[in-house]
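Asks:
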Amino acid sequence: MSTQKITLAKGLNMGLRKAMEDDPKVLIMGEDVGKLGGVFRITDGLQKDFGEDRVIDSPLAESGIVGTAIGMALRGYRPVVEIQFDGFVYPAYDQIVCQVAKMHYRSKGRYKIPMVIRIPFGGGIGAVEHHSESPEAQFAHTPGLKVVACSNPVDGYWMIQQAIASDDPVIFLEPKRQYHADKAELDESATPEPLFTSRVVRRGTDVTVLAYGPTVKTAMAAAEAASTDGQSIEVIDLRTLSPLDMGPVFESVRRTGRAVITHEAHVNLGMGSEVAARITEECFYSLEAPVLRVGGFDTPYPASRIEEDFLPDLDRVLDAVDRSLEF
Amino acid sequence: MSTQKITLAKGLNMGLRKAMEDDPKVLIMGEDVGKLGGVFRITDGLQKDFGEDRVIDSPLAESGIVGTAIGMALRGYRPVVEIQFDGFVYPAYDQIVCQVAKMHYRSKGRYKIPMVIRIPFGGGIGAVEHHSESPEAQFAHTPGLKVVACSNPVDGYWMIQQAIASDDPVIFLEPKRQYHADKAELDESATPEPLFTSRVVRRGTDVTVLAYGPTVKTAMAAAEAASTDGQSIEVIDLRTLSPLDMGPVFESVRRTGRAVITHEAHVNLGMGSEVAARITEECFYSLEAPVLRVGGFDTPYPASRIEEDFLPDLDRVLDAVDRSLEF
Amino acid sequence: MVPLICVPRHKRWEQCQHGDRGDPARPSATKESRLTNPGFGPDLVEVFGPSQQDGGPDLIQLLTPEGERVHHPEFDLDFSAEQLRGFYRDMVLTRRIDTEATALQRHGELGIWAQLLGQEAAQIGAGRALRPQDFVFPTYREHGVAYCKGVDPLNLLGLFRGVDHGAWDPNENNFGLYTIVIGAQALHATGYAMGIQRDGAVGTGDPERDAAVIAHFGDGASSQGDVNEAFIFAASYNAPVVFFCQNNQWAISEPIERQSRIPLYQRALGFGFPGVRVDGNDVLATYAVTQAALQRAREGQGPTFVEAYTYRMGAHTTTDDPTRYRLSDDVESWKLKDPIARVEVYLRRNGLVDDQFIADLKAEADELGHHLREGCKALPDPKPLDMFDHVYAEETDEIRAQREGFAAYLETFDETAGSH
Amino acid sequence: MVPLICVPRHKRWEQCQHGDRGDPARPSATKESRLTNPGFGPDLVEVFGPSQQDGGPDLIQLLTPEGERVHHPEFDLDFSAEQLRGFYRDMVLTRRIDTEATALQRHGELGIWAQLLGQEAAQIGAGRALRPQDFVFPTYREHGVAYCKGVDPLNLLGLFRGVDHGAWDPNENNFGLYTIVIGAQALHATGYAMGIQRDGAVGTGDPERDAAVIAHFGDGASSQGDVNEAFIFAASYNAPVVFFCQNNQWAISEPIERQSRIPLYQRALGFGFPGVRVDGNDVLATYAVTQAALQRAREGQGPTFVEAYTYRMGAHTTTDDPTRYRLSDDVESWKLKDPIARVEVYLRRNGLVDDQFIADLKAEADELGHHLREGCKALPDPKPLDMFDHVYAEETDEIRAQREGFAAYLETFDETAGSH
Ligand SMILES: Cc1ncc(C[n+]2csc(CCOP(=O)(O)OP(=O)(O)O)c2C)c(N)n1
Ligand SMILES: Cc1ncc(C[n+]2csc(CCOP(=O)(O)OP(=O)(O)O)c2C)c(N)n1
Ligand SMILES: [Mg+2]
Ligand SMILES: [Mg+2]
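Chains as they are written, first to last, in numbering that gives the first Met the number 0: chain U, 0 to 326; chain G, 0 to 326; chain C, 0 to 419; chain S, 0 to 419.
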């Protein structure tokens, strides 16, 4: 099959369409997902083609959306729920951590919840409050959930299909800032890597930089810039946040001896703290410096006019890289 | 004033009573906090003495409890909210992380939310599902909230009053397993340490063990047992989880070169990951071993018949101490 | 109609008074105040009226507390002697399950038990109205409904003993696992009903195929956002679900007045679907109303709210002490409305049972009691390593590693330690 | 009464159809079906009736779209010429605020703007009914209410421009900050009202003292658990709060039928307090109803639900494209109900305004527009280090350290970089 250049939004839309074609049990539910196609148009055209029974416009209630999706899952469906913005997932938090996450365990495997909860996450779009959050740690801390974040159009296409095919509930994080940004070449005939794997996206020898979702682009740009200063940075796209796929990370850090992790979420108790702790436990004698963390500051998300100061950027990543190398 | 021997439940009850006597703006609200005095009797007798306007029995809705408490705070009251069990705070999670935590920031300090949210937390009481959770990391990750955990009757008495006096919202965690366990000597005329400080509760030279809430007792027992094997363990009660008071921790770890942290919450993205990351960042060259974490496993809380296997205990703490020393 | 509560209005009412000025509503919401503030909607008098204090004029009853068969213009049914004896047997056995479990808790065999004493008719009436293809989403107290659905009562004890979180297979009996987070299951039920719609199993007219869902919850649960959102979704999609609320007057220590100042069944009207209040201590009326509601759902006429007006005769759970918050004469008055006694009186008065039947039933109940006592003590404890099972459908390396690590750790203790 | 929507029933209705068997409700919920399934509560016909499709028989109106003064048995008021001109002026200036802000967004001066076009009467009617001591909890669209409360409209632009999260002092004008999480403020309003009760500022009869709270939200918000829990708490404590719902028929792309299949004001009845539907494009009726509801609250008669039946003439926000989901003739039909035009017609017809008045008002509006245009562009950007301010009332060492660390980092760039 010939390839085509697509955006992340397009990749996700194509992936959702493919999943619905492949399995009649796949349903989509959320606010404005139907006629409007979602505020980001990720479900554009799907209600028209699959009908209102499979692409379900919901009342304005996130707990209701996730709670009823659980019921549909128990009836044998595979609901894909869209949360309109990261900041609006919290009304559903109880249903997610107490029900979605625990039903398989509670029932000794008799209940299956093959649900995907799609969350456009992260900042940088100049939005008002609650539209730029990064809630991943609040889900990754919860056993029973799996949490992944895509960072590019091709992964978006494959990962959403893999998440829907998974028999476990998956929190699916989409870097909204990149929905309509860079295009990439998609070959639908290719075979994707397994969903719950991290990936080395740039080889390097001096420092390992770990990223996921929106910060992968930042990390790659940083690596490029550093190379002109003769620094060789290895970049790993974590892709899966729960479970974490630490194998490639350990392998890399044992070579470089240095690691920096960057995410938009607050540093305090963000993914970086867990990744740093695990690296230190596993690679203690290989470490030339402590794992450094570059993330959102430990303040609420600020007014958008200064959000770029709040968010990790190329300079702050390179600053951490330098500090790591100076250790 | 003469001292008396009290349980944690009694210390909290006395502290709440004192706070209500000292400030007529202090209100208590929650399910069954009135006539019943709460399912753990922490508010026993308060409604009788302060009336139904100040000790408010609520409808069965946690979001409603916290949401209306916000309104009362905006009107100038100091609500102390009781969440009946840790597992039932999640319906209020949205109001807590999006409103309680952010209103002061959103309003540039014009809104004050001097609210205390009391949560009996942790396991070990042989309860059914959702009654033994440890949700602290989910709050500590949220800027705008302060999070503390008391570990003994005397701290219970002082810390609840200090939390109520704080102009910031405080998540107040109470180790329910110890409500009616050990008694301690309370001297009401003493002056307590500031609320947001950690405390060295046992001096030692070989390994630093960090704990809070229910695991402080475990850590002390482990230190006692280890001393008979000639191991000298320093134990620090963190007391405050956000902000963290790392000063005494760094000082200690620089001396011992080894640290173990233990909590009942899941290890993955639990407080231990953040504490370990910070210790490694600050004390990199003093560390003889990676900071080791002993916590609840990364499974949902199991059936109570095996909860003691899920929870960190003396043996698992000492096992980590040994592994640290062998490093 | 015989009022269901004899305790005077003010007693219960006191329990939700506030000293605030402008509180409570009722005094000010009189006809007179309607005149001073006209136009604020219909039904003010009904809304603030005293109907809260007894079953109210709308209470549907087919068998009085005195065992007298009364008739209802809309919900009357003819019950065969067989059916009536069946209801009686069901309630007697259900009560036995409850008393045995309570005793087992007292003897330390269970950590806690949620008693249903007094709610037998509400649960049997609802449970017997179900067809095999209907699905039940219970709270933690629906032992009688579980029994109707064919769940071995022994399986109910596991989670109260602490050996599991629910031992039965929900799909075997179409009876979901107990839900402890109040109200959460109301949404699951609604979603499941939406699944039934998508399966085309509504309104086909095929009695084997058309299915409905019943969501059980209590009066306290009616205050949870999730339950109200379930009403909204069910109405919006016209889902085939029956919301069955056992209003046993208490949410632990909170009286119903704290949750609603009007009869609870009226809540449904605000969401655009019918609500009805039935005497939950009357198994005939509860059966008649519930099966009509389920039939409405199966036919595609959407959700119905059924308030079974009853009373929690025991403590909230075996760890609760109701003497701290409620009046014993309140309980005494409800004893006169016992759901089993009224059926026995009716059966005997009409010669539909003899001493032999009663004796056989007693023997059957003793058998059941024995089964529960022996079975409970024999319930195997989980093994420490079991805690790592079923976290995921597709187990992760992380869980595998933690299991192996803990297994190796346990190995370091003497053999017995491995299984503690 | 003139139906408020001319678009035929089926058009809107299509938007919430489902192909499921047994769906939708309406066909099956006829009188006939009541007979086949009797007894399920009152009002079935009303519940499923067509009243959703226009304002319905219960719509309260004092001024028709044609500018004809009509009278209402319960909510009529005598308005002075002064008052009427005031309402007109308020609405004209409010619309100007909205159109200026919309233009500023188009020119890139604002990141986004939530338009109120068409909802001027609902907001001015509600806003003018308030007393100084009453407190307002708005959504993100109550620009007209903010104006009534004396908030400089320029302060409203900050959060849409991205320079702050809300620039006004809530306690200065008793006008709370905008709330973006749908429905959350309904609980804050209820709690604030509970605080008023505890201050003894309800039912004293002192007009300077007795206070009420008004909670604004939209039709979509009525589906959130928080809003329904607010109804429960307000009813349970009889809190002095008015729930003011602007039913503008849309929640972004979701039509009102997705949220409720009966007139929204009826929701309140299920919670035990009055609900009323008023023509939200009629400033006189909205004022009359809201001030009566506020007075009920101040007197201690508890909560009221006011549904202001109106229409969102613009896009949801400046980033929305309504052509994807709604019919333009729907919008056209609502143009005929314009809230400002009908007042102007009435004023002119009755010689209550002259061209001079209109001209002066136009000049005043131009002034306001100028103030907003210039003021908006002059709004200072926050400084990077400002992000660390006000995280806590008592700042932590952690925040202090992060601020200092970032300041030092910024120093490492050339001077200009420090302030980006
Ligand atoms: C979300 C949540 N909050 C609190 C609790 C604690 N709790 C357990 S049962 C109960 C009362 C429930 O009352 P009701 O809904 O009337 O059911 P009943 O117990 O009377 O059958 C409460 C508050 C809970 N289980 N879940
Ligand atoms: C909890 C939550 N979910 C989703 C959103 C996204 N959102 C913003 S406005 C809106 C529609 C609100 O509709 P309505 O309540 O009718 O108010 P209106 O915008 O029509 O004034 C939605 C879904 C949100 N802000 N908060
Ligand atoms: Mg109850
Ligand atoms: Mg709307």
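Glycine included, C-beta positions come from ideal geometry on N, C-alpha and C.
Roughly how far, in whole angstroms, is the beta-carbon of U:L291 from the beta-carbon of U:G256, given that I think they are within contact range, below 8 Å?
Replies: For the purposes of this step, residue 291 of chain U is taken as residue 292 along the first sequence, with counting starting at 1. For the purposes of this step, residue 256 of chain U is taken as residue 257 along the first sequence, with counting starting at 1. Actually they do not touch by this definition, with Cβ atoms about 13 Å apart.
Asks: In terms of DSSP beta bridges, what is U:S241 paired with?
Replies: Here residue 241 of chain U refers to the residue found at position 242 of the first sequence. DSSP, once it has assigned bridges, lists U:V146 as partnering U:S241.
Asks: List, in order along the chain, the chain C residues whose C-beta lies closer than 7 Å to that of U:R77?
Replies: In the first sequence, counting from the first residue as 1, residue 77 of chain U sits at position 78. By Cβ distance, chain C contributes nothing, its closest Cβ being about 11 Å from U:R77, past 7 Å.
Asks: Using a Cβ cut-off of 9 Å, pull out every chain U residue sitting near G:H130, in sequence order please.
Replies: Position 131 of the second sequence, counted from the start, is the residue given in the question as residue 130 of chain G. The premise fails here: G:H130 is roughly 12 Å from chain U at the closest Cβ pair, so nothing lies under 9 Å.
Asks: For the structure I just gave you, are there three or more beta carbon pairs, one from the segment 165-179 of chain S and one from the segment 94-107 of chain S, closer than 8 Å?
Replies: Cβ pair count under 8 Å is below three, so no.
Asks: Interface residues of chain U around C:P169 at Cβ under 8 Å?
Replies: The residue given as residue 169 of chain C occupies position 170 in the third sequence. Simply L73, S106, R109, Y110.
Asks: Ligand 2 and S:R140: does the residue's C-beta get closer than 7 Å to at least one heavy atom of that ligand?
Replies: Sequence index remark: in the fourth sequence, residue 140 of chain S carries index 141 (1-based). Yes, ligand 2 has a heavy atom inside 7 Å of this Cβ.
Asks: Along the chain, where does the alpha helix (DSSP H) that runs through C:E331 open and close?
Replies: For the purposes of this step, residue 331 of chain C is identified with residue 332 of the third sequence, where counting begins at 1. Note, C:E331: alpha helix (DSSP H), 327-334.
Asks: For U:T261, write down the residues that DSSP places opposite it in a beta bridge.
Replies: Residue 261 of chain U sits at position 262 when you count from the first residue of the first sequence. Note: U:T261 sits in a beta bridge opposite U:V293.
Asks: Regarding U:A60 and ligand 6, is the C-beta to nearest heavy atom distance less than 7 Å?
Replies: In the structure shown, ligand 6 is absent; the only ligands present are ligand 1, ligand 2, ligand 3 and ligand 4.
Asks: Can you give me the C-alpha to C-alpha distance between G:D205 and U:M219, rounded to a whole angstrom?
Replies: Indexing the second sequence from 1 puts residue 205 of chain G at position 206. Indexing the first sequence from 1 puts residue 219 of chain U at position 220. Answer to the nearest angstrom: the Cα atoms are 43 Å apart.
Asks: Per DSSP, which residues does C:V135 bridge with? Please list them.
Replies: In the third sequence, residue 135 of chain C corresponds to position 136, counting from 1. DSSP output for C:V135 lists C:F174, C:I213 as bridge partner(s).
Asks: Compare the C-beta of G:V65 with all C-beta atoms of chain C and state if any pair is closer than 8 Å.
Replies: Numbered from its first residue, the second sequence carries residue 65 of chain G at position 66. No, G:V65 does not count as interfacial toward chain C.
Asks: Classify C:R105 as buried or exposed, calling it buried when 16 or more other Cβ atoms lie within 10 Å of its own Cβ.
Replies: Working through the third sequence from its first residue, we reach residue 105 of chain C at position 106. Exposed, because fewer than 16 other Cβ atoms sit within 10 Å of the Cβ of C:R105.
Asks: List the residues of chain U whose Cβ lies closer than 8 Å to the Cβ of S:L158, in chain order.
Replies: As a working note, residue 158 of chain S is residue 159 in the fourth sequence. The answer, in chain order, is V127, E128, A302.
Asks: Between which two residues does the beta strand (DSSP E) containing U:P174 stretch?
Replies: As a working mapping, residue 174 of chain U is identified with position 175 in the first sequence. That run of the beta strand (DSSP E) goes 169-174.
Asks: Is the number of C-beta pairs between the segment 257-272 of chain C and the segment 293-306 of chain C that are closer than 8 Å three or more?
Replies: Yes, the segment 257-272 of chain C touches the segment 293-306 of chain C.
Asks: Determine the burial state of S:L378: buried for a count of at least 16 other Cβ atoms within 10 Å of its Cβ, exposed for fewer.
Replies: To locate residue 378 of chain S, count along the fourth sequence from 1; it is residue 379. Classification for S:L378: buried.
Asks: Please list, in chain order, the chain S residues whose beta carbon lies closer than 9 Å to that of G:G33.
Replies: Mapped onto the second sequence, residue 33 of chain G falls at position 34. Per Cβ cutoff of 9 Å: no residues; G:G33 is ~13 Å from chain S at best.
Asks: In terms of DSSP beta bridges, what is S:W112 paired with?
Replies: Locating residue 112 of chain S in the fourth sequence gives position 113, where the first residue counts as 1. Per DSSP, none; premise fails for S:W112.
Asks: Are the C-beta atoms of U:A42 and some chain S residue less than 8 Å apart?
Replies: Counting from 1 along the first sequence, the entry for residue 42 of chain U is found at position 43. Correcting the residue identity first, residue 42 of chain U is Thr in this sequence and not Ala. It does not; no Cβ of chain S falls within 8 Å.
Asks: Are S:R297 and S:D209 touching if we call contact CB-CB under 8 Å?
Replies: Within the fourth sequence, residue 297 of chain S is the residue found at index 298, counting from 1. Within the fourth sequence, residue 209 of chain S is the residue found at index 210, counting from 1. The answer is yes: Cβ separation under 8 Å.
Asks: At the level of alpha carbons, what is the spacing between C:Y177 and U:A224?
Replies: The sequence position of residue 177 of chain C within the third sequence is 178, counting from 1. The sequence position of residue 224 of chain U within the first sequence is 225, counting from 1. In a straight line, the C-alpha of C:Y177 is about 57 Å away from that of U:A224.
Asks: When you compare the CB of S:F136 with every CB in chain C, is at least one pair closer than 8 Å?
Replies: By 1-based counting over the fourth sequence, the position of residue 136 of chain S is 137. No, because no Cβ of chain C sits closer than 8 Å to the Cβ of S:F136.
Asks: If you measure from each CB to the nearest heavy atom of ligand 3 and keep those under 7 Å, what residues do you get, in chain order?
Replies: Cβ atoms closer than 7 Å to ligand 3 belong to C:G217, C:D218, C:G219, C:Q245, C:N246, C:N247, C:Q248, C:W249, C:A250, C:R311.
Asks: Roughly how many angstroms lie between the CA atoms of S:E347 and S:I59, to the nearest whole one?
Replies: Along the fourth sequence, read from residue 1 onward, the residue named residue 347 of chain S stands at position 348. Along the fourth sequence, read from residue 1 onward, the residue named residue 59 of chain S stands at position 60. Looking at the sequence shown, residue 347 of chain S is not Glu but Arg. Spanning the two alpha carbons is a distance of roughly 23 Å.
Asks: Let me know the alpha helix (DSSP H) ranges lying completely inside the segment 340-414 of chain C, each 4 residues or longer, listed in chain order.
Replies: Qualifying alpha helix (DSSP H) stretches, in chain order: 354-377, 396-410.
Asks: Within the 8 Å Cβ cut-off, does C:L58 reach chain S?
Replies: In the third sequence, residue 58 of chain C corresponds to position 59, counting from 1. Closer than 8 Å: no.
Asks: At what residues does the alpha helix (DSSP H) containing G:I305 begin and finish?
Replies: Reading the second sequence from its first residue, position 306 is the one you call residue 305 of chain G. Looking at the DSSP string, G:I305 is not in any alpha helix (DSSP H), and its letter there is neither H nor E.
Asks: Residues of chain U with CB closer than 7 Å to the CB of C:G165, please, in chain order.
Replies: In the third sequence, residue 165 of chain C corresponds to position 166, counting from 1. Neighbours of C:G165 on chain U, chain order: R105, S106.
Asks: Are the beta-carbon atoms of C:E108 and C:R160 separated by less than 8 Å?
Replies: As a working note, residue 108 of chain C is residue 109 in the third sequence. As a working note, residue 160 of chain C is residue 161 in the third sequence. In this structure, C:R160 lies closer than 8 Å to C:E108 by Cβ.
Asks: Do you know whose CA, among S:T317, S:Q223, S:I251, S:M386, lies nearest S:I398's CA?
Replies: Taking the fourth sequence and counting its residues from 1, the one referred to as residue 398 of chain S is at position 399. If we check each option's Cα against that of S:I398, S:M386 comes out closest.
Asks: In three-state terms, what does DSSP make of C:Y76?
Replies: Sequence index remark: in the third sequence, residue 76 of chain C carries index 77 (1-based). First, the residue type needs correcting, since residue 76 of chain C is Leu and not Tyr in the sequence shown. Note: C:L76 maps to coil in three-state DSSP.
Asks: Can you find a heavy atom of ligand 1 that lies under 7 Å from the Cβ of G:F329?
Replies: The requested residue 329 of chain G is not part of the displayed model; chain G covers only 0 to 326.
Asks: Please report whether the beta-carbon of S:E228 lies at a distance below 8 Å from any beta-carbon of chain C.
Replies: Working through the fourth sequence from its first residue, we reach residue 228 of chain S at position 229. Yes, S:E228 lies at the interface with chain C (some Cβ there is under 8 Å from its Cβ).
Asks: Based on the DSSP output, what are the partners of C:F243 in its beta bridges?
Replies: As a position in the third sequence, residue 243 of chain C is number 244, starting the count at 1. Paired residues: C:H215, C:V305.
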